[in-house]
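S.K.: Residue numbering for the sequence shown follows the numbering used here, starting at 561 and increasing by one per position.
Beta carbons are placed, not taken as given, at the ideal position from N, Cα and C, and that holds for glycine.
These numbers come from a predicted model, not from an experiment.
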Amino acid sequence: MFAVSSALSYCQPADSILNKPLNKKALSLIFTSEAIIYTGTMISLNEAWYKNYPKSSFHFFDDSKEWLQVDKVAHSFTSYHTANFGYLLFKQAGMEENKAIAISGIQSVFFISSIEIFDGFSKEWGASWYDLSANIAGTGLFTLQQYFWKEQKINLKYSYSNSGLAGYRPSALGNNFPEKLIKDYNAQTFWLSANLKSILNLNKFPTWLNIAIGYGADGMLAGHSNDEIQNLNLLVERKRQYYLSLDIDLTRIKVKNKALSTAFKIINVLKFPFPTIEFSSNKLYFHPVFY
């Protein structure tokens with residue numbers, strides 16, 4: 561969905577998107593497509609994850625200590641980009657700026673938080689105030705920047721590095737590569753990537769160079785504690801990982817080829833590989849290349 565939204569939104573220069581007249585047919589198509597995608601996604605989620613689990617009355621539960629909070633950062637990341645891509649689609653249809661910001665933000669929180677409805681009625685889990693807060697935080701990062709700065713000086717990005725742990729619990733951490741990209745929180749790092757030139761007003765500085773602060777974790781075989789897993793003779797340390805690195809904002813590289821420009825803006829959700837400093841377990845580590 562992100563890729564399709566990006567391609568549609570980025571196929572024209574930013575100025576032309578901002579100044580386009582309202583196209584009611586295009587806007588109607590966007591809303592209709594969103595409704596179809598949303599309905600299909602909810603049905604698929606119910607069939608794949610929730611259908612075979614016992615139901616209960618709607619309830620909340622405290623999952624704030626699960627997965628060393630990497631899952632919460634993932635919620636913020638997804639909400640941020642859902643709001644971003646929704647905004648760009650609305651601007652492509654000529655929607656007024658503040659209205660596009662507001663509607664894309666509301667839709668982002670609604671779409672991503674709908675999962676909490678399934679969780680809330682599931683006896684196995686429960687709705688989470690912390691997930692909802694993370695959804696709002698990610699959406700807020702986009703909407704506030706777009707409203708006050710008219711640009712995204714700070715992006716949320718993602719990187720993946722195989723943890724080697726999914727094979728011990730494939731049902732929870734993923735059976736294959738696509739599942740691991742989503743389920744294996746040990747392999748995921750999320751980044752706040754800030755554009756130095758736009759934030760610090762540096763004239764003689766590369767427009768595309770960012771500084772990035774990352775967060776991840778490792779050694780997690782279960783949500784709260786590895787002791788939850790029975791009959792698994794494996795000792796691994798659960799630890800938080802903090803990173804400092806450089807990054808590239810591909811959206812700030814001007815290219816004449818529209819296809820390449822579109823590709824840059826889609827790929828920009830990923831952290832660019834760079835030398836990186838890691839702090840974990842009270843020790844500093846240097847990675848010549850980290851992604």
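#1: The beta strand (DSSP E) spanning Asn-770 covers which residue range?
#2: Along the chain, where does the alpha helix (DSSP H) that runs through Trp-689 open and close?
#3: Mind checking who Phe-645 pairs with in its DSSP beta bridge?
#4: With H, G and I counted as helix, E and B as strand and the rest as coil, what does DSSP make of Lys-757?
#5: Less than 7 Å separating the Cβ of Phe-846 from some heavy atom of the ligand ZN?
#6: Pair every Cβ in the region 746-756 with every Cβ in the region 713-723, then say whether three or more of these pairs are closer than 8 Å.
#7: Using a Cβ-Cβ cutoff of less than 8 Å, which residues in the same chain neighbour Ser-831 once the five nearest sequence positions on both sides are dropped?
#8: For the pair the region 694-704 and the region 638-652, tell me if three or more CB-CB distances fall below 8 Å.
#9: CB-CB under 6 Å to Gln-572, same chain, minus the five flanking residues each way: which ones, in chain order?
#10: What does Thr-836 pair with, by DSSP beta-bridge criteria?
#11: Taking just the CA atoms, how far does Glu-739 sit from Lys-799?
#12: For Phe-824 versus Leu-844, is the C-beta spacing smaller than 8 Å?
#13: Take the Cβ of Ser-673 as the centre, count every other Cβ of all protein chains shown within 10 Å, and call the residue buried at 16 or more, exposed below.
#14: Between the Cα of Pro-848 and the Cα atoms of Ser-841, Asn-842, Ile-837, which residue gives the shortest distance?
#15: Taking all protein chains shown into account, decide if His-784 is buried (16 or more other Cβ within 10 angstroms of its Cβ) or exposed.
#16: Please list, in chain order, all residues of the same chain as Glu-676 whose beta carbon is under 8 Å from its beta carbon, the five residues on each side excluded.
#17: Between Lys-615, Trp-627, Pro-614, which lies nearest to Asn-786 when the distance is taken from Cα to Cα?
#18: Residue range of the beta strand (DSSP E) that Ile-714 falls in?
M.R.: This is what the structure holds:
#1: Residue 770 sits at position 210 when you count from the first residue of the sequence shown. 769-778 is the extent of the beta strand (DSSP E) around Asn-770.
#2: Residue mapping note: residue 689 aligns to position 129 of the sequence shown, counting from 1. Residues 689-708.
#3: The sequence position of residue 645 within the sequence shown is 85, counting from 1. Per DSSP, none; premise fails for Phe-645.
#4: As a position in the sequence shown, residue 757 is number 197, starting the count at 1. Looking at Lys-757 - three-state DSSP - the assignment turns out to be helix.
#5: This structure lacks the ligand ZN, and indeed carries no ligand of any kind.
#6: yes
#7: Within the sequence shown, the letter at position 271 stands for residue 831. Reading off the sequence, residue 831 comes out as Lys, not Ser. Excluding sequence neighbours, Lys-831 sits near Lys-717, Tyr-718, Ser-719, Thr-749, Trp-751, Ser-753, Ala-772, Gly-774, Ser-805, Asp-807, Tyr-851.
#8: yes
#9: Here the question's residue 572 lines up with position 12 in the sequence shown. Any reading at Gln-572 needs caution, since the residue's pLDDT is 44, under 50, leaving its predicted position unreliable; the model's value is listed next. Same-chain partners within the cutoff: there are none.
#10: Taking the first residue of the sequence shown as position 1, residue 836 is located at position 276. Note: Thr-836 sits in a beta bridge opposite Ser-805, His-847.
#11: The residue given as residue 799 occupies position 239 in the sequence shown. The residue given as residue 739 occupies position 179 in the sequence shown. Between the alpha carbons of Lys-799 and Glu-739 lies a distance of about 22 Å.
#12: One-based indexing of the sequence shown puts residue 824 at position 264. One-based indexing of the sequence shown puts residue 844 at position 284. No, the pair does not count as a contact, with Cβ atoms beyond the cut-off.
#13: Taking the first residue of the sequence shown as 1, we reach residue 673 at position 113. It is buried - the Cβ of Ser-673 has at least 16 other Cβ atoms within 10 Å.
#14: Within the sequence shown, the letter at position 288 stands for residue 848. Of the listed residues, the one whose Cα sits closest to Pro-848 is Ile-837.
#15: Translated into positions along the sequence shown, residue 784 becomes position 224. So His-784 ends up on the exposed side.
#16: Sequence index remark: in the sequence shown, residue 676 carries index 116 (1-based). Cβ neighbours of Glu-676 beyond the five flanking positions: Ala-687, Ser-688, Asp-691, Leu-692.
#17: Position 226 of the sequence shown holds residue 786. Restricting attention to Lys-615, Trp-627, Pro-614, the CA atom closest to the CA of Asn-786 is found in Trp-627.
#18: Position 154 of the sequence shown holds residue 714. First-last of the beta strand (DSSP E) with Ile-714: 714-720.
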